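Enquirer:
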Amino acid sequence: AQSVTQPDIHITVSEGASLELRCNYSYGATPYLFWYVQSPGQGLQLLLKYFSGDTLVQGIKGFEAEFKRSQSSFNLRKPSVHWSDAAEYFCAVGAQSNTGKLIFGQGTTLQVKP
Amino acid sequence: NAGVTQTPKFQVLKTGQSMTLQCAQDMNHEYMSWYRQDPGMGLRLIHYSVGAGITDQGEVPNGYNVSRSTTEDFPLRLLSAAPSQTSVYFCASSYDRGAHEQYFGPGTRLTVT
Chain A
852 AQSVTQPDIH ITVSEGASLE LRCNYSYGAT PYLFWYVQSP GQGLQLLLKY FSGDTLVQGI
912 KGFEAEFKRS QSSFNLRKPS VHWSDAAEYF CAVGAQSNTG KLIFGQGTTL QVKP
Chain B
21 NAGVTQTPKF QVLKTGQSMT LQCAQDMNHE YMSWYRQDPG MGLRLIHYSV GAGITDQGEV
81 PNGYNVSRST TEDFPLRLLS AAPSQTSVYF CASSYDRGAH EQYFGPGTRL TVT
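Top to bottom, those sequences are chains A and B. Converting from the first sequence to my numbering requires adding 851 to each position, the first position being numbered 1. Converting from the second sequence to my numbering requires adding 20 to each position, the first position being numbered 1.
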């Protein structure tokens, strides 16, 4: 069965430091992969997505993610974190191409220290 | 272009009551879905629809009904509310089932006492 694991429930980084949020997936075929961000009390906003092609994808707000098939990973990175990046981050995989269903990870809460 | 809208934003129900959470989108999206979000569990798919008149169950469908009579609207009905249905509910839509890029509404926070 398809699944997504975000090993880190909570991460704290200092403002200006680099960030990497981990995501591992289990999926039999080529996955469609996404990172969403949720600010407190808000809905989810798409940061970036991977469908095919270049394994390093760029997203909004200075985020990027790298698809590594050999490691079944799709980690999210940002070189310098801003206080406004504090939020909850969700990794998701497209479960089946014919149904459009998404499987989400448990989420990682990012806290940014001044 | 309002995107995906949900009403109400907040709701408190007593056990056994029924209600409908409303969801509408104005992007002419074919695919719509409902998720519930619970702490530590991410988002779980309740029901989804690949077009008007077509719905199917997701991961956690028990206690919920949906219908899709128009492209724009996808209401979620709680038949007899239970405390286990206390959650935040999100509606989402996408252009089609293959695109997978989903646009989310702002959510409805439901408390069942």
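The beta carbon of each residue, even a glycine, is placed where N, CA and C say it ideally should be. Just so it is clear, the structure is predicted and the values come from calculations on it, not from any experiment.
Hey, R97(B) and L41(B): beta-carbon distance below 9 angstroms or not?
Expert: Against a cut-off of 9 angstroms, the Cβ pair of L41(B) and R97(B) comes out as a contact.
Enquirer: Using DSSP bridges, identify the partner residues of M52(B).
Expert: For M52(B), which the question treats as bridged, DSSP gives the partners S69(B) and S113(B).
Enquirer: Taking the CB atoms as reference points, tell me whether Y940(A) and Q909(A) lie closer together than 9 angstroms.
Expert: For Y940(A) and Q909(A), no; Cβs fall outside 9 angstroms.
Enquirer: Hey, M52(B) and A112(B): beta-carbon distance below 9 angstroms or not?
Expert: Yes, the pair counts as a contact, with Cβ atoms nearer than the cut-off.
Enquirer: At the level of alpha carbons, what is the spacing between K900(A) and I862(A)?
Expert: Cα-Cα distance, rounded: 22 angstroms.
Enquirer: With distances taken between CB atoms, is the gap from K964(A) to D936(A) smaller than 9 angstroms?
Expert: Not in contact: K964(A) and D936(A) (Cβ atoms no closer than 9 angstroms).
Enquirer: V132(B) and L33(B) - do their beta-carbons sit closer together than 9 angstroms?
Expert: A contact, by the Cβ cut-off of 9 angstroms.
Enquirer: Have a look at E50(B) and S865(A) and give me their C-alpha separation to the nearest angstrom.
Expert: Their Cα atoms are separated by approximately 42 angstroms.
Enquirer: Any beta carbon from chain A within less than 9 angstroms of L65(B)'s own beta carbon?
Expert: Closer than 9 angstroms to some Cβ of chain A, the Cβ of L65(B) qualifies, so yes.
Enquirer: Just reading off the beta strand (DSSP E) that M39(B) is part of, what are its end residues?
Expert: Counting along the chain, the beta strand (DSSP E) containing M39(B) begins and ends at M39 to Q45.
Enquirer: For S865(A), which three-state DSSP category applies?
Expert: If DSSP states are grouped into helix, strand and coil, S865(A) belongs with the strands.
Enquirer: Whose Cβ in chain B lies nearer than 8 angstroms to the Cβ of Q957(A)?
Expert: Correct list: G60, M61 and G62.
Enquirer: Are the C-beta of V24(B) and some C-beta of chain A separated by less than 9 angstroms?
Expert: By this cut-off, V24(B) is an interface position.
Enquirer: Examine chain A for any beta-carbon lying closer than 9 angstroms to the beta-carbon of S107(B), and answer yes or no.
Expert: No, no contact with chain A.
Enquirer: Measure from the alpha carbon of C874(A) to the alpha carbon of each residue in R920(A), Q896(A) and A868(A), then state which is nearest.
Expert: The shortest C-alpha separation from C874(A) is found at R920(A).
Enquirer: Closest by CA to A880(A), which one among G892(A), F914(A) and G945(A)?
Expert: Nearest of G892(A), F914(A) and G945(A) to A880(A), Cα basis: G945(A).
Enquirer: Secondary structure at D905(A), three-state DSSP: helix, strand or coil?
Expert: D905(A): coil per DSSP, three-state reduction.
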